[in-house]
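Final position of the sequence shown in our numbering is 309; the numbers increase by one with none missing. All remarks here apply to the structure that follows.
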Amino acid sequence: VPEGEQWTGKRQTDVSLQELYKRGQGEVEAKGVDGVTRLYAFTPIVGPNGAQVWLSVGRTPEAIFAGVGPAVTRDLLGIGAVLLAALAAFWVGSDWLLLRRIDRLAKVSTQFAGEDWQVRVPVPAKGDELDHLGLTFNHMADTLLRRRTEQQRVQAVLQERERHLYLALQAARMVAWTWDIVENRIHTTDNLPDIYGVTEVEYAEQGFSMVHPDDLPRHQATVNQALHNLTSYRSEFRIVRPTGE
65 VPEGEQWTGK
75 RQTDVSLQEL
85 YKRGQGEVEA
95 KGVDGVTRLY
105 AFTPIVGPNG
115 AQVWLSVGRT
125 PEAIFAGVGP
135 AVTRDLLGIG
145 AVLLAALAAF
155 WVGSDWLLLR
165 RIDRLAKVST
175 QFAGEDWQVR
185 VPVPAKGDEL
195 DHLGLTFNHM
205 ADTLLRRRTE
215 QQRVQAVLQE
225 RERHLYLALQ
235 AARMVAWTWD
245 IVENRIHTTD
255 NLPDIYGVTE
265 VEYAEQGFSM
275 VHPDDLPRHQ
285 ATVNQALHNL
295 TSYRSEFRIV
305 RPTGE
């Protein structure tokens with residue numbers, strides 16, 4: 065202790081420190097006889113005749129940790145430099161590996177959207193989450209391709225049936241047509257002009273005016289009732305062609 069001569073022979077007044085002596089050697093933070101808080105390390109010393117004295121050495125926390133601050137600063141700067149280097153390495157690696165793989169996945173998606181139905185993402189047997197995403201895309205592409213193939217097959221069957229129906233209607237001199245009552249548009253088979261003597265547009269514009277006057281009231285009542293009840297209807301009527309036939 066600096067100027068320790070003035071404390072020689074004086075008793076330690078800190079009761080907690082004396083109580084700790086009972087436990088043997090150790091360390092404790094306590095106030096010294098000068099009232100200054102220090103970190104004390106203490107241990108008993110036994111003489112040849114069994115006499116025992118205590119030796120305690122105390123230093124203030126400021127003195128003990130005086131060199132810690134610069135050391136911590138140096139360590140933090142070193143850790144920061146290592147982290148920056150690791151971040152730079154990660155950035156270069158991600159640009160080379162991760163971003164290139166994402167770009168490849170985006171290009172494959174664009175090709176598939178452009179109806180390149182056979183394109184797929186190359187996926188290794190064991191991969192990470194990004195490879196799992198590519199595998200999911202491949203499964204989705206396979207499913208869409210199967211659905212598209214089935215739709216094409218069904219469409220081809222429907223087109224063939226429509227062709228057969230058209231040939232049958234042509235042979236029977238019959239017209240098949242649909243009426244969009246909201247838009248007031250008529251969609252018919254191509255033989256409408258041959259039988260009715262008018263085009264689709266003309267038929268839509270003339271409407272009931274082509275129905276024979278003797279059949280018009282009954283036919284118009286049938287259609288109006290079907291529209292009111294939202295049901296189908298069946299009606300037979302004659303028409304008057306533009307030529308008067």
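Cβ coordinates follow ideal geometry from the N, Cα and C atoms, glycine included. Every value quoted in this text rests on a predicted model; they were computed, and no experiment measured them.
Start-to-end residues for the alpha helix (DSSP H) that takes in residue i
i	result
A290	L280 to N293
A220	E193 to A236
D258	L256 to Y260
Y297	Neither: Y297 is in no alpha helix (DSSP H) and is coded neither H nor E.
V265	E264 to Q270
Between the CA atoms of residue j and residue i - distance to the nearest angstrom
i	j	result
D192	H203	17 Å
V79	T101	Unreliable positioning characterises V79 in this predicted model, as indicated by a pLDDT of 45, which lies under 50. The coordinate reading is nonetheless provided below. Whole-angstrom Cα-Cα distance: 14 Å.
E62	L103	Outside the displayed span of the chain (65 to 309) sits residue 62, for which this structure offers no information.
D279	F301	6 Å
R237	R225	18 Å
L209	W181	6 Å
G99	G90	21 Å
Q223	T213	15 Å
G122	L163	60 Å
Beta-carbon proximity list for residue i, same chain, < 7 Å, skipping 5 on both sides
i	result
P165	At residue 165 the sequence reads Arg, which differs from the Pro that was named. The answer, listed in chain order, is L194.
DSSP-derived helix/strand/coil call for residue i
i	result
P310	Residue 310 is absent from the structure shown; the chain starts at 65 and stops at 309.
D167	helix
V65	Residue confidence is low: V65 scores 49 on pLDDT, short of 50, so the model does not pin down where it sits. Its coordinate-derived value is still stated next. Residue state, collapsed to three classes: coil.
A177	helix
G122	strand
A150	helix
N- and C-terminal bounds of the beta strand (DSSP E) containing residue i
i	result
A94	G90 to K95
T242	W241 to D244
H251	R249 to T252
beta-carbon residue i near the ligand HEM non-hydrogen atom, thresh 6 Å
i	result
A145	Here there are no bound small molecules, and the ligand HEM is not part of this structure.
6 Å Cβ shell around residue i - same chain, five flanking residues per side excluded
i	result
V187	D195, G198 and L199
Q) Are the stretch 255-262 and the stretch 299-306 touching by the rule of at least three beta carbon pairs closer than 8 Å? A) Yes, since at least three Cβ pairs between the stretch 255-262 and the stretch 299-306 fall closer than 8 Å, the two stretches touch.
(Q) Would the stretch 237-253 count as touching the stretch 267-285 if we require 3 or more Cβ pairs under 8 Å? (A) For the pair of segments examined, the stretch 237-253 was found to touch the stretch 267-285: the number of CB pairs separated by less than 8 Å reaches three.
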